[in-house]
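One structure is given here, and the rest of the page talks about it.
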Amino acid sequence: MTWIDPNFPHTAEPSDLVGRVLGLNPGMLTGPGTNTYLVGRDQPILIDTGVGVPAYPPLFEGYLHRRGWARPERILLTHRHRDHLGGVADLRTLFPGVPVAKMIYKDEGLPDDVQDVRDGQAVTGDGVTLVPVHTPGHASDHLCYFMPEERALFTGDLILGGSTTVIPDEDGDLGQYMASLRRVQALGVRRIYPAHGPVIEDAAAKIEEYIAHRLLRERQILEALGGGVRTIPDMVKAIYAEVPAALHGHAAMSVHSHLKKLKAEGRVDEDAQGDPPSRWTLR
Ligand SMILES: [Zn+2]
């Protein structure tokens, strides 16, 4: 995938209030790697920590040093996926006692002493405010952080720079995901700092594009069902003809997320009798 940009800068200052250190974990799902953001004029708040790559802590320390900062004041996490919280242990070794918080929701196997942060419960830094916005869909515990000083949104994995996001089978929910997109659309965001990929300057256009993309897929699935296509593998073949076969597993997960949403809305029926795959029909 082209969004794994090997030349993506390891550190950057996208604004006076925001610094960025790359998690150094490139991949098909992470693009250039997880972005970790340092927010504030001084005593910065760190948003996300990468997956725990050994080269990350020295990169992070060097960046702090260049900015004249001693340590992050606190760590906020967008959600529980490993590529966002895997770096917590190394950072705690470097900065003993640094507080770590996320929205605790259906969580197992979190690092010790993670504090709870709730929707709307603003966190204040040096010259910045971060307002958590519960945005489930990619993950049930997902928070974005709204920064009114720039009308900017740290979107975690809700919106990415250079790819669409995955709605995982187990914990994902496309209906919630669409509601989350509409919720952040109503915030009047100007700029997006995504957890993967470059800064998005035209936030409104990107949010609209994300919503339109899912609505297009939904129409394609309804058309395929109307044309007599019954199973997920056949729908993937019909709808994702242009996508390399290596990605058809993810495509199948995406189609399934749409069918679950349509089923919850009472618009399709699933006949799960007999051998998988299920057969789906319009109601
Ligand atoms: Zn994620």
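When the count follows my numbering, it moves up by one through the sequence shown with no breaks and lands on 311 for the last residue.
By construction, the Cβ of each residue, glycine as well, lies at the ideal position given by its N, Cα and C atoms.
For T309, same chain residues with a beta-carbon under 6 Å away, outside a window of 5 residues either side, are D297 in chain order. Separation of A269 and G114 (C-alpha to C-alpha, rounded to the nearest whole angstrom) is 36 Å. For the pair I195 and G225, the CB atoms are not nearer than the 8 Å cut-off.
Membership of F88 in any beta strand (DSSP E) is not indicated; the residue belongs instead to the alpha helix (DSSP H) covering 84 to 95. For the pair of segments examined, the stretch 229 to 238 was found to touch the stretch 178 to 189: the number of CB pairs separated by less than 8 Å reaches three.
Taken atom to atom, the span from the alpha-carbon of P127 to that of G59 is near 28 Å. With the rule of 3 Cβ pairs closer than 8 Å, the stretch 247 to 264 counts as touching the stretch 272 to 281. In the DSSP assignment, E41 falls within the unbroken beta strand (DSSP E) covering 39 to 43. By a beta-carbon distance limit of 8 Å, V212 contacts T163. Their separation comes to about 6 Å. Listed as beta-bridge partners of D297 by DSSP are T309. In the three-state DSSP reduction, T193 falls in the coil class, being neither helix nor strand. By the Cβ test, the stretch 80 to 98 is in contact with the stretch 41 to 52, since at least three Cβ pairs between them sit closer than 8 Å. Distance check between D230 and each of L287, G155, G61, L181 places L181 closest, using alpha-carbon atoms only. With the rule of 3 Cβ pairs closer than 8 Å, the stretch 99 to 108 counts as touching the stretch 140 to 160.
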